[in-house]
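Novice:
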Amino acid sequence: MLRSLRCAALFGGLFLSASALAADIDAASYGYPLTNPFEATIATTPPELRPELPLDDDINQSDRSVTMRPEREFSLPDNFWPVKKLTYRIATQDQAAPLIFLISGTGARYDSTLNEYLKKLYYKAGYHVVQLSSPTSFDFMTAASRFATPGVTKEDAEDMYRVMQAVRAQNPKLPVTDYFLSGYSLGALDAAFVAHLDETRRSFNFKKVLLLNPPVNLYTSITNLDKLVQTEVKGINNSTTFYELVLDKLTRYFQQKGYIDLNDALLYDFQQSKQHLSNEQMAMLIGTSFRFSAADIAFTSDLINRRGLITPPKYPITEGTTLTPFLKRALQCDFDCYLTEQVIPMWRARTDGGSLLQLIDQVSLYALKDYLHGSPKIAVMHNADDVILGPGDLGFLRRTFGDRLTVYPLGGHCGNLNYRVNSDAMLEFFRG
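Positions -22 to -1, 1 to 410 (mature numbering (1 follows the signal peptide of the UniProt record, and there is no 0)) are the ones given, in order, by the sequence shown.
#1: Look up TYR162 in the DSSP assignment and give the residues it is bridged to.
#2: Would you list the residues sitting across from ALA75 in a DSSP beta bridge?
#3: Determine the direct distance from the alpha carbon of PHE313 to that of ALA272, and round the result to whole angstroms.
#4: Please work out which residues of its chain come closer than 8 Å, Cβ to Cβ, to ASN257, disregarding the five sequence neighbours upstream and downstream, and give them in chain order.
#5: With the cut-off set at 7 Å, would you say VAL61 and ASP117 are in Cβ contact?
#6: Alpha carbon to alpha carbon, what distance is there between TYR88 and ALA69?
#7: If you check the beta carbons only, do ALA362 and VAL399 fall under 7 Å apart?
#8: For LEU335, count neighbouring Cβ atoms within 10 angstroms of its own Cβ and tell me buried if that reaches 16, exposed if not.
#9: Between the alpha carbons of LEU152 and ARG146, how many angstroms are there, rounded?
#10: At 3 residues or longer, what runs of the beta strand (DSSP E) sit wholly inside the region 342 to 372?
#11: If you follow the beta strand (DSSP E) that VAL44 is in, where does it begin and where does it stop?
#12: Determine the closest residue to SER401 out of LEU31, THR300 and TYR293, with distance taken between C-alpha atoms.
#13: Report yes if the CB atom of PRO387 is closer than 7 Å to the CB atom of ALA5, and no otherwise.
#14: Let me know if ASP36 comes out buried or exposed under the rule of 16 or more other beta-carbons within 10 Å of its beta-carbon.
#15: The alpha helix (DSSP H) that contains ALA261, what's its start and end?
#16: State the Cα-Cα distance for the pair CYS315 and ALA75, rounded to the nearest angstrom.
#17: In this structure, does DSSP put VAL130 in helix, strand or coil?
#18: If we count the other Cβ atoms within 10 Å of its Cβ and call it buried at 16 or more, is TYR66 buried or exposed?
#19: Could you please give the first and the last residue of the uninterrupted alpha helix (DSSP H) stretch that includes VAL399?
#20: Tell me the residue span of the alpha helix (DSSP H) that contains TYR95.
#21: Give me the Cα-Cα distance between LEU281 and PHE125, rounded to the nearest whole angstrom.
#22: Helix or strand or just coil, what does DSSP make of HIS391?
#23: Excluding the 5 residues flanking GLN109 on each side, which residues of the same chain have their C-beta closer than 7 Å to its C-beta?
#24: Looking at the strands, I want to know which residues DSSP matches up with HIS106.
#25: Reducing DSSP to helix, strand and coil, say where THR65 ends up.
#26: Tell me the rounded alpha-carbon separation between MET324 and LEU375.
#27: Taking the alpha carbon of ALA308 as the point to measure from, which residue in VAL365, SER160 and ILE288 has its own alpha carbon closest?
#28: Put ALA2 into one of helix, strand or coil per three-state DSSP.
#29: Mind checking who TYR386 pairs with in its DSSP beta bridge?
#30: May I ask you to verify whether the region 160 to 172 touches the region 182 to 196, counting CB pairs closer than 8 Å and requiring at least 3?
#31: Given a cut-off of 7 Å, decide if LEU196 and SER342 are closer than it, judged by their beta-carbon atoms.
#32: For the candidate residues HIS351, LYS185 and ILE356, whose alpha-carbon lies nearest to that of LEU77?
#33: Tell me which residue opens and which closes the alpha helix (DSSP H) that PRO323 is part of.
#34: Is CYS315 helix, strand or coil by DSSP?
#35: Could you check if ALA276 is buried or exposed, using at least 16 other CB atoms within 10 Å of its CB as the buried criterion?
#36: Got a sec, what are the start and stop residues for the alpha helix (DSSP H) GLU51 sits in?
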């Protein structure tokens, strides 16, 4: 970022022309109905405005697993057996077709709601699809990460690349015409680094890469989300927790409906009811979800590396061991705490690294600025009201991607990915 600022005066005219080429979608013509970014992030798109997608029974798919870190079979507690191998989901066409890899967002497994949606969208369009867990997910950290300390994006991408190669090796008879790559949220940042790595290793020669709502400055995005947990919420005091408040609202909502209907349209419908969450409550919900992801990452990294920050190194953990005390301890450590206590010490020990600012520059899109600027196969779709963006982030994207950037006026963080307008644009990018 500092380098780009120093060049701003000299190349101001060039940057302005690149910015003008970015596709900014007009709010009036866009038609997305949720103007509140918190609400869009949580409730996503009204069901009637989503594309028609195939049912699970109509998709030829299966869950498979690869062994990436065989030594973990012996070093991890017995109750970690489900994640000693890395599971992925593959959906295949009955003829030769392009294959698209999908990378999940922060802490999410391969079968996250958004990855499932994207799988159905691309499968219907005729693609083979491979769904992959985030390098920050519990299962990926355990089964595939060399250092089990995600956050150094280049190293996370190298781990992801090995997984992709293993997936291809496990499916040698699948007829693939071209390889594509996409990811949402943190998975989009990972996808950018994976694409850069592939430029030298050439295992896939990705034809096109689409980044959906990526963090630009990873530390800014983390800080924004961590701050949401600190929101002051009316109705919460020493005797009433946030979770009790939300549960009470949901209970009254279901009582008024007369039945319990837990489907993917629940939150949108809930937000249209009298029991809807306020801005502060929605912010707290988003922040809390992120805090749980951070706690899961901190706990898993500490346990695998025997650092003793959360779980005592020699503490016996069996299938009957309660992990509640360790979860409570992990929840006290936000993402900034995880970076300070685990990521930075490991990074410095392995690379003779320096300050936090140096690390931020290396793990964010800044590190790939020249590559992204000059690579016509990579595009970004983002939202102007995304809660993970900070000052200057959209400007960086405009200068770097030019007409390969599409900025939607609404949608919050990934809330409009299942909107028909967005899905059509995604398909058009890969077909073009």
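We put the beta carbon where it would ideally sit given N, CA and C, even for glycine.
Nothing here was measured: the structure is a model prediction, and the numbers come from that model.
Specialist: Let me spell this out:
#1: Residue numbering aside, residue 162 sits at position 184 when the sequence shown is read from its first letter. Answer is LEU190, bridged to TYR162.
#2: Indexing the sequence shown from 1 puts residue 75 at position 97. VAL154.
#3: By 1-based counting over the sequence shown, the position of residue 272 is 294. By 1-based counting over the sequence shown, the position of residue 313 is 335. Spanning the two alpha carbons is a distance of roughly 5 Å.
#4: Taking the first residue of the sequence shown as position 1, residue 257 is located at position 279. So the qualifying residues of the chain are ASN14 and PHE16.
#5: Taking the sequence shown and counting its residues from 1, the one referred to as residue 61 is at position 83. Taking the sequence shown and counting its residues from 1, the one referred to as residue 117 is at position 139. Result yes, Cβ atoms of VAL61 and ASP117 sit closer than 7 Å.
#6: Translated into positions along the sequence shown, residue 69 becomes position 91. Translated into positions along the sequence shown, residue 88 becomes position 110. So the alpha carbons of these two residues sit roughly 12 Å apart.
#7: As a position in the sequence shown, residue 362 is number 384, starting the count at 1. As a position in the sequence shown, residue 399 is number 421, starting the count at 1. No, the Cβ-Cβ distance between ALA362 and VAL399 is not below 7 Å.
#8: Counting from one through the sequence shown, the residue named residue 335 turns up at place 357. Looking at its Cβ environment, which holds fewer than 16 other Cβ atoms inside 10 Å, LEU335 is exposed.
#9: In the sequence shown, counting from the first residue as 1, residue 152 sits at position 174. In the sequence shown, counting from the first residue as 1, residue 146 sits at position 168. Taking the straight line joining both Cα atoms gives about 8 Å.
#10: 356 to 361
#11: In the sequence shown, residue 44 corresponds to position 66, counting from 1. Counting along the chain, the beta strand (DSSP E) containing VAL44 begins and ends at 39 to 44.
#12: Against the sequence shown, residue 401 aligns to sequence position 423. Looking at the Cα atoms, LEU31 is the closest of the given residues.
#13: As a position in the sequence shown, residue 387 is number 409, starting the count at 1. As a position in the sequence shown, residue 5 is number 27, starting the count at 1. In this structure, ALA5 lies closer than 7 Å to PRO387 by Cβ.
#14: Here residue 36 refers to the residue found at position 58 when the sequence shown is read from its first residue. If you draw a 10 Å sphere on the C-beta of ASP36, you find fewer than 16 other C-beta atoms in it, and that means exposed.
#15: The residue given as residue 261 occupies position 283 in the sequence shown. Here the alpha helix (DSSP H) through ALA261 covers 257 to 283.
#16: For the purposes of this step, residue 315 is taken as the residue at position 337 of the sequence shown. For the purposes of this step, residue 75 is taken as the residue at position 97 of the sequence shown. Rounded to whole angstroms, CYS315 to ALA75 spans 45 Å at the Cα level.
#17: On the sequence shown, residue 130 is found 152 positions in, with the first residue counted as 1. Of the three classes helix, strand and coil, the one that applies to VAL130 here is coil, per DSSP.
#18: One-based indexing of the sequence shown puts residue 66 at position 88. Per the 10 Å Cβ criterion, buried.
#19: Numbered from its first residue, the sequence shown carries residue 399 at position 421. VAL399: member of the alpha helix (DSSP H) spanning 398 to 409, first to last residue.
#20: On the sequence shown, residue 95 is found 117 positions in, with the first residue counted as 1. Note, TYR95: alpha helix (DSSP H), 91 to 102.
#21: Along the sequence shown, one-based indexing puts residue 281 at 303. Along the sequence shown, one-based indexing puts residue 125 at 147. Looking at the two C-alpha atoms, the distance is approximately 12 Å.
#22: The residue given as residue 391 occupies position 413 in the sequence shown. In the structure shown, HIS391 sits in coil (DSSP, three-state: anything other than H, G, I, E or B).
#23: Within the sequence shown, residue 109 is the residue found at index 131, counting from 1. Closer than 7 Å at the Cβ level, and outside the excluded window around GLN109, lie TYR66, ARG67, LEU80, TYR88, ASP89, ASN93 and LYS97.
#24: For the purposes of this step, residue 106 is taken as residue 128 along the sequence shown, with counting starting at 1. Partner(s): LEU77.
#25: The residue labelled residue 65 in the question sits at position 87 within the sequence shown. THR65 carries a strand assignment under DSSP once its states are collapsed to helix, strand and coil.
#26: As a first step, residue 324 is located in the sequence shown; it is residue number 346 there, counting from the start. As a first step, residue 375 is located in the sequence shown; it is residue number 397 there, counting from the start. Distance between the alpha carbons of MET324 and LEU375 is about 30 Å.
#27: Translated into the one-based positions of the sequence shown, residue 308 becomes position 330. When each option's Cα is compared against that of ALA308, the closest is ILE288.
#28: Reading the sequence shown from its first residue, position 24 is the one you call residue 2. Note that residue 2 corresponds to Asp in the displayed sequence, not to Ala. Three-state DSSP puts ASP2 in a strand.
#29: The residue you call residue 386 lines up with position 408 of the sequence shown. ASN361, per the DSSP bridge assignment.
#30: Contact check between the region 160 to 172 and the region 182 to 196: three or more CB pairs, one atom from each, fall below 8 Å, which counts as touching.
#31: In the sequence shown, residue 342 corresponds to position 364, counting from 1. In the sequence shown, residue 196 corresponds to position 218, counting from 1. Against a cut-off of 7 Å, the Cβ pair of LEU196 and SER342 comes out as a contact.
#32: For the purposes of this step, residue 77 is taken as the residue at position 99 of the sequence shown. Checking every option, the nearest Cα to that of LEU77 belongs to LYS185.
#33: Looking up residue 323 in the sequence shown gives position 345. Segment 322 to 329, the alpha helix (DSSP H) holding PRO323.
#34: As a first step, residue 315 is located in the sequence shown; it is residue number 337 there, counting from the start. CYS315: helix per DSSP, three-state reduction.
#35: As a working note, residue 276 is residue 298 in the sequence shown. With 16 or more other Cβ atoms within 10 Å, it is buried.
#36: One-based indexing of the sequence shown puts residue 51 at position 73. Here the alpha helix (DSSP H) through GLU51 covers 50 to 53.
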